[in-house]
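Novice: Shown below is the structure under consideration.
Numbering (the working numbering), first residue to last: 1082 to 1608.
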């Protein structure tokens, strides 16, 4: 029987458009078995297989289509969507841009390229694509909103708000306009106005506003409301769905945890996991058994403090782990705030800290114990261009500390010769902790920090660890940048902490001057 390729392809395309992907694949397979192939056939077959969950063969067929016809815009569009769905966002961006270059009328691909770059948090690159879009298609509502997101994310709140106002002239009642205006209000310390806008959006059914409002509530220390809304964060929504798909019970925030076996899943970075270890302390006191998936660097401390906690040797949750552990409840560690946020309202409950380690490590290498012993950390482990403003230099720290009678301990990972020289040039001895991995050995680090009189640090996991150990922390941070840097949030978990803020793109001069004055005042009090 003779096959009419055009008719078979047309029938396959009709089935695909109707959502009948299995039938589409069967029809196209008859062509491929007859050695009839084309970029269109490979492209449509790839899209059908992707819809059926066969990612590997879908990827092969997209590549086969482009091998036959590298400049086939339609395949680039579909491949971009495929890579976006499987979170290979760099490849998605490349294919979207290529699709536009091949079809200058394809405004959707160019805008999608800008959106994917925003997913990657490459704000400047996204803005460049948006400018390219404006050159090709002019200014419209979505362009103004997307450009405002870039400006907002690059901390240019004035320009972000100006762009939102222009967008409002086009569509004043659009939900996204109100949402991004609320975001700008939050970051420019107009909390009441931001709260009102987010609350109105939530009343209209806008789900993302719940998570955004939770962060605002954290920044002002409204703990009960914050943790209730925080259940709408992406990782909690994911874990809930994952548990439901694998026959496990996700904790609803209200069920009693007493005498239950609870599996706690870590979230976010090391600093966040240290902060939420307070909740693990509370949970251990009432649960029958606690199993955790946490950053393995914290396991020695957790096991030292709570020997019965089961620390799982895995970085991710799998159906096999759920089956083997068989918990009665699963939850993200931050969700425990729904049950234990009461402690954050009473500073006395947390002023001695909730993290400690007393192992076989050596004590501080300090000769003169009559002086205050101060730990120092002026930057993060990772040197990221987009966070340069967040950190100080060794020279700024050394100049601020010059003349202060104290013993200074370096808590700085990856100390450079240039940084050492910055302290020497100010006549300061900076004692280094040789033999301790300041990045991975969190147990030894906790042991050392607990012996310090105070820690001076920028906002990093180091300041979180010092606060959790109950040591006074003098923290330098950027004003209104992140909710976890807000004074009310920090002091809730770490009552002995003090914050010293600067504005984004401003200098540290004033903050360092105030910090220096406080250190001198404390030294006088000791005398």
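Even for Gly, the Cβ is constructed at its ideal location relative to N, Cα and C. Predicted, not measured: the structure shown is a model, and the values here were computed from it.
1. Spatial neighbours of residue 1320 within its chain, please: CB distance less than 8 angstroms, with the 5 preceding and 5 following residues excluded, ordered by chain position.
2. In this structure, how does DSSP classify residue 1250 when only helix, strand and coil are distinguished?
3. Please list the segments of the beta strand (DSSP E) lying wholly inside the segment 1463-1530, counting only runs of 3 or more residues, in order along the chain.
4. Note down the Cα distance separating residue 1601 from residue 1456, rounded to an integer number of angstroms.
5. With distances taken between CB atoms, is the gap from residue 1252 to residue 1214 smaller than 8 angstroms?
6. Compare the C-alpha of residue 1241 against each of 1114, 1597 and 1224 and name the closest.
7. Strictly by DSSP, which residues pair up with residue 1558?
8. Between residue 1099 and residue 1293, what straight-line distance do the alpha-carbon atoms span, to the nearest angstrom?
9. For a test of the three-state rule: what should DSSP assign to residue 1415, helix, strand or coil?
10. Leaving aside the five residues before and after residue 1586 along the sequence, list all residues of the same chain whose C-beta is less than 8 angstroms from its C-beta, in chain order.
11. Give me the residue from 1536, 1301 and 1218 with the minimum Cα distance to residue 1454.
12. Does the count of Cβ pairs from the segment 1225-1233 and the segment 1554-1564 closer than 8 angstroms reach three?
13. Are the segment 1127-1146 and the segment 1091-1105 touching by the rule of at least three beta carbon pairs closer than 8 angstroms?
14. Quick one: residues in its chain with C-beta nearer than 6 angstroms to the C-beta of residue 1153, no 5 flanking neighbours on either side, listed in chain order?
15. With respect to the beta strand (DSSP E) encompassing residue 1372, which residues constitute its N-terminal and C-terminal limits?
16. Which residues share a DSSP beta bridge with residue 1342?
17. With a threshold of 6 angstroms on Cβ separation, who are the neighbours of residue 1608 within its own chain once the five nearest residues in sequence on each side are excluded?
18. Go to residue 1355, then tell me how far its alpha helix (DSSP H) extends in each direction, as first and last residue.
19. Evaluate residue 1407 with the Cβ neighbour count: other Cβ atoms within 10 Å of its Cβ, from every protein chain shown; 16 or more gives buried, anything less gives exposed.
20. Can you grab the Cα-Cα spacing for the pair residue 1475 / residue 1336, in whole Å?
21. Identify the residues that DSSP records as bridge partners of residue 1458: which are they?
22. Could you tell me the boundaries of the alpha helix (DSSP H) in which residue 1231 lies?
23. Where does residue 1391 fall in DSSP's three states?
24. Determine the DSSP secondary structure at residue 1410, reduced to helix, strand or coil.
25. Does residue 1438 come out as helix, strand or coil in the three-state DSSP assignment?
26. For the alpha helix (DSSP H) that residue 1201 lies in, which residues bound it at each end?
27. Are the beta-carbon atoms belonging to residue 1538 and residue 1547 less than 8 angstroms from one another?
28. Provide the residue span of the alpha helix (DSSP H) that contains residue 1099, from first to last.
29. Could you tell me which residues DSSP puts in a beta bridge with residue 1260?
30. Could you tell me which residues DSSP pairs with residue 1266 in its beta bridges?
31. When the Cα atoms are used, what is the spatial distance from residue 1137 to residue 1101?
32. Just how far apart, CA to CA, sit residue 1110 and residue 1341?
33. Taking the alpha carbon of residue 1125 as the point to measure from, which residue in 1194, 1541 and 1139 has its own alpha carbon closest?
34. Contact between the segment 1351-1371 and the segment 1381-1393: three or more CB pairs below 8 angstroms?
Specialist: Let me spell this out:
1. Counting from 1 along the chain shown, the entry for residue 1320 is found at position 239. Answer for residue 1320: 1331, 1346, 1398, 1411, 1412 and 1413, listed in chain order.
2. Here residue 1250 refers to the residue found at position 169 of the chain shown. Helix at residue 1250.
3. 1488-1491
4. Taking the first residue of the chain shown as position 1, residue 1601 is located at position 520. Taking the first residue of the chain shown as position 1, residue 1456 is located at position 375. Near 16 angstroms, if we compare the C-alpha coordinates of residue 1456 and residue 1601.
5. As a first step, residue 1252 must be located in the chain shown, where it is residue number 171. As a first step, residue 1214 must be located in the chain shown, where it is residue number 133. No, these two residues do not count as a Cβ contact at 8 angstroms.
6. Here the question's residue 1241 lines up with position 160 in the chain shown. That would be 1224, whose Cα lies nearest to the Cα of residue 1241.
7. To locate residue 1558, count along the chain shown from 1; it is residue 477. Note: residue 1558 sits in a beta bridge opposite 1582.
8. The residue given as residue 1099 occupies position 18 in the chain shown. The residue given as residue 1293 occupies position 212 in the chain shown. About 37 angstroms.
9. Position 334 of the chain shown holds residue 1415. Helix at residue 1415.
10. As a working note, residue 1586 is residue 505 in the chain shown. 1236 and 1470, listed in sequence order.
11. Taking the chain shown and counting its residues from 1, one reaches residue 1454 at position 373. Of the candidates 1536, 1301 and 1218, the one whose C-alpha sits nearest the C-alpha of residue 1454 is 1536.
12. no
13. yes
14. Mapped onto the chain shown, residue 1153 falls at position 72. 1120, listed in sequence order.
15. As a working mapping, residue 1372 is identified with position 291 in the chain shown. Run containing residue 1372: 1370-1374, per the beta strand (DSSP E) assignment.
16. As a position in the chain shown, residue 1342 is number 261, starting the count at 1. Note: residue 1342 sits in a beta bridge opposite 1370.
17. Translated into the one-based positions of the chain shown, residue 1608 becomes position 527. Low confidence applies to residue 1608: its pLDDT is 38, below 50, so where it sits in the model is not reliable, and the reading given next is rough at best. The answer is none, since no qualifying residue turns up.
18. As a position in the chain shown, residue 1355 is number 274, starting the count at 1. That run of the alpha helix (DSSP H) goes 1351-1356.
19. The sequence position of residue 1407 within the chain shown is 326, counting from 1. The residue in question, residue 1407, is exposed, as its Cβ has fewer than 16 Cβ neighbours within 10 Å.
20. Along the chain shown, read from residue 1 onward, the residue named residue 1475 stands at position 394. Along the chain shown, read from residue 1 onward, the residue named residue 1336 stands at position 255. Cα-Cα distance, rounded: 49 angstroms.
21. Translated into positions along the chain shown, residue 1458 becomes position 377. Answer by DSSP bridge pairing, in chain order: 1538.
22. On the chain shown, residue 1231 is found 150 positions in, with the first residue counted as 1. Unbroken alpha helix (DSSP H) run through residue 1231: 1222-1234.
23. Here residue 1391 refers to the residue found at position 310 when the chain shown is read from its first residue. Residue 1391 falls in the strand class under three-state DSSP.
24. On the chain shown, position 329 is the one that residue 1410 refers to. Residue 1410 falls in the strand class under three-state DSSP.
25. Working through the chain shown from its first residue, we reach residue 1438 at position 357. Reduced to three states, the DSSP call for residue 1438 is coil.
26. Here residue 1201 refers to the residue found at position 120 of the chain shown. No alpha helix (DSSP H) holds residue 1201; DSSP gives it neither H nor E.
27. Start at 1 with the first residue of the chain shown, and residue 1538 comes out as number 457. Start at 1 with the first residue of the chain shown, and residue 1547 comes out as number 466. Yes, the pair counts as a contact, with Cβ atoms nearer than the cut-off.
28. By 1-based counting over the chain shown, the position of residue 1099 is 18. Neither: residue 1099 is in no alpha helix (DSSP H) and is coded neither H nor E.
29. Walking along the chain shown from the start, residue 1260 turns up at place 179. Its beta-bridge partners do not exist; DSSP assigns none.
30. As a working mapping, residue 1266 is identified with position 185 in the chain shown. DSSP output for residue 1266 lists no bridge partner at all.
31. Numbered from 1 along the chain shown, position 56 holds the residue referred to as residue 1137. Numbered from 1 along the chain shown, position 20 holds the residue referred to as residue 1101. Distance between the alpha carbons of residue 1137 and residue 1101 is about 20 angstroms.
32. Here residue 1110 refers to the residue found at position 29 when the chain shown is read from its first residue. Here residue 1341 refers to the residue found at position 260 when the chain shown is read from its first residue. Computed Cα separation, rounded: 53 angstroms.
33. Mapped onto the chain shown, residue 1125 falls at position 44. For residue 1125, the nearest C-alpha among the options comes from 1139.
34. yes
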